[in-house]
Amino acid sequence: MSRPRLENLDPERQKTLFEAAAEEFAANGFDGASLNQILAKSGMSKSSLYYYFDDKADLFTTLVERTISILFKQIGDFDPANLTAETYWSEFEARYAKLISIVNGNGWLVRFGGMFYALRSDPKQSAPTNRIFHAARHWVEAIIARGQELGVVRSDLPNTLLVDSAMALLESLDRWVVTHWREMTDPEKTALPRAHIDMFRDLLAARRSKAPASFCRTSNCGRRFGHTKPAGL
């Protein structure tokens with residue numbers, strides 16, 4: 004993975020390096036991108052590059068991380084503590100709509116997304132992509148915890164299961180959007196935030212039944228859920 008020492012690299016040299024990398028990956032894709040070309044454009048030596056990164060996959064993933072950071076800054080600061088029961092779902096829908104608008108004006112972001120998921124699907128090179136999902140998982144955990152505090156997210160299942168399910172849905176939707184983005188019409192893109200947030204709501208929203216079933220954790224599961232054996236068996 005990219006090493007903490009990267010932060011000690013002069014900000015201008017970092018900017019030059021990542022601009023050169025972005026240009027090379029955008030022009031030639033991940034497989035076709037040349038580290039030698041990136042080095043030539045950035046003025047960095049090969050030994051210096053490997054001082055900061057493990058390999059090309061690590062450099063690309065770090066570039067994606069920084070791109071995501073820039074996107075979040077454009078969307079605006081976000082603190083789960085500021086969410087209320089009334090704004091919980093609508094806030095995510097509004098931010099998703101803003102993200103769609105930004106991506107719609109920067110087509111290369113979709114191409115980077117395609118490269119990222121192609122890399123993630125390659126067992127030999129996917130390791131660096133995991134750290135993005137580890138970071139996303141912490142974010143999802145905080146979002147779910149806040150929703151439970153507000154009473155809008157279900158608590159009848161183990162939190163690890165809720166987080167695992169949300170992460171699986173998040174990645175599936177992201178992959179689908181990246182794959183189908185170019186064939187979607189503008190109205191279809193505009194409809195994505197409502198449709199996708201509704202999917203998360205269906206998965207995570209608190210149930211309002213009078214007697215919500217508890218998640219089965221004990222040997223009494225059958226009796227608790229009414230699955231008892233007939234008499235005499």
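As numbered in the numbering used here, residues 4 to 236 make up the sequence shown, in order.
Glycine is no exception: its CB is placed at the ideal position from the N, C-alpha and C atoms.
* Expected contact under 8 Å - CB spacing of Leu52 and Leu38 to nearest Å -> With 8 Å as the limit, Leu52 and Leu38 qualify as a contact, their Cβ atoms being about 7 Å apart.
* Mind checking who Ala130 pairs with in its DSSP beta bridge? => Among the bridge pairs identified by DSSP, Ala130 is matched with none.
* Asked: Shortest alpha-carbon distance to Glu191 belongs to which of Asn107, Leu112 and Ala148?
  -> Comparing Cα positions, the closest option is Asn107.
* Burial state of Tyr91 (16 or more Cβ within 10 Å) -> Around the beta carbon of Tyr91, 16 or more other beta carbons sit within 10 angstroms, so the residue counts as buried.
* Do Val166 and Ile147 have their C-beta atoms closer together than 8 Å? -> In contact: Val166 and Ile147 (Cβ atoms closer than 8 Å).
* To do: Round the Cβ separation of Leu173 and Ala209 to the nearest angstrom and send it over; I've been treating them as touching at under 8 Å.
  => Not really, about 20 Å apart at Cβ, beyond 8 Å.
* To do: Return yes when the Cβ of Leu62 is within less than 8 Å of the Cβ of Ala24, no when it is not.
  => It is a contact, given that the beta carbons lie within the stated cut-off.
* How about Ile105 and Leu74: do their beta carbons lie closer than 8 Å? -> Contact check for Ile105 against Leu74 passes: the beta carbons are separated by less than 8 Å.
* To do: Kindly list the residues whose CB is nearer than 7 Å to the CB of Ile200, restricted to its own chain and excluding five residues on each side of it in sequence; keep chain order.
  => Here Ile200 has Trp92, Phe95, Glu96 and Tyr99 as same chain residues with Cβ atoms under 7 Å from its own Cβ, once five neighbours each way along the sequence are excluded.
* Ser175, enclosing alpha helix (DSSP H) - first and last residue -> From DSSP, the alpha helix (DSSP H) with Ser175 extends over Asn162 to His183.
* To do: Have a look at Ser158 and Ala145 and give me their C-alpha separation to the nearest angstrom.
  => Cα to Cα, the separation comes out at about 14 Å.
* Since I believe Val156 is in contact with Leu86 (beta carbons under 8 Å), could you give me their beta-carbon distance rounded to a whole number of angstroms? => That belief does not hold up - the Cβ atoms of Leu86 and Val156 are roughly 11 Å apart, past 8 Å.
* Residue range of the alpha helix (DSSP H) that Ala25 falls in? -> Start and end: Pro14 to Gly35.
* Cβ-based neighbour list, Glu68, same chain, cut-off 7 Å, excluding 5 preceding and 5 following -> Counting only Cβ-Cβ distances below 7 Å, and skipping sequence neighbours, we find Ile135.
* Asked: Hey, Ile78 and Lys101: beta-carbon distance below 8 Å or not?
  -> Less than 8 Å divides the Cβ of Ile78 from the Cβ of Lys101.
* Given that a residue counts as buried once 16 or more other Cβ atoms are within 10 Å of its Cβ, and exposed if not, what is Thr64? -> Buried is the call here.
* Asked: So what does DSSP say about Ala208, is it helix, strand or coil?
  -> Reduced to three states, the DSSP call for Ala208 is strand.
* To do: Report buried or exposed for Arg123, applying the criterion of at least 16 other Cβ atoms within 10 angstroms of its Cβ.
  => Result: buried.
* Would you mind working out which of Pro83, Ser50, Gly46 and Ala36 sits nearest Val143, comparing C-alpha positions? => Sorting Pro83, Ser50, Gly46 and Ala36 by C-alpha distance to the C-alpha of Val143 places Pro83 at the top.
* To do: Please confirm whether Glu27 and Gln40 have their CB atoms less than 8 Å apart.
  => Going by C-beta atoms, Glu27 is nearer than 8 Å to Gln40.
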